[in-house]
Amino acid sequence: MSTQLDEYLEAEIQSLLTDGRVAELGITVNRREHLLVLGGEVESTHRRDEICRQINQRFPDVQIVCDIGIIRASAPSEVEEIS
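So the sequence shown is residues 19 to 101, counted in our numbering.
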């Protein structure tokens, strides 16, 4: 059985992203021809990988591209010079 890529699937994934297990409000879900793209930024690669794992596990019939970036959460290692 093939899962249809529509606004209901997007809403279901967005709901999963914001519930207590994932709890990420800044992740977007965008439909492209035959796949869904998750976008946004999180604080670590572990967090990104866990989000992608949970979404792929919940929707195994849907091709999902995990395009989630990592935010630098630590202090800068060098001084920024402003000219």
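Cβ atoms here follow ideal geometry from the backbone N, Cα and C, with glycine treated the same way.
What would DSSP say about residue i, mapped onto helix, strand or coil?
i, result
"residue 23", "coil"
"residue 35", "helix"
"residue 85", "strand"
"residue 30", "helix"
"residue 71", "helix"
"residue 90", "coil"
With which residues is residue i paired in a DSSP beta bridge?
i, result
"residue 46", "57"
What residue from the options has the CA that sits closest to residue i's CA?
i, options, result
"residue 24", "99, 40, 47, 34", "47"
Should residue i go down as buried or exposed, given a rule of 16 or more other Cβ atoms within 10 Å for buried?
i, result
"residue 66", "buried"
"residue 43", "exposed"
"residue 98", "exposed"
"residue 35", "buried"
- Item | Contact the segment 52-68 vs the segment 82-89: 3+ CB pairs below 8 Å | Below 8 Å, enough C-beta pairs join the segment 52-68 and the segment 82-89 to call them touching: three or more.
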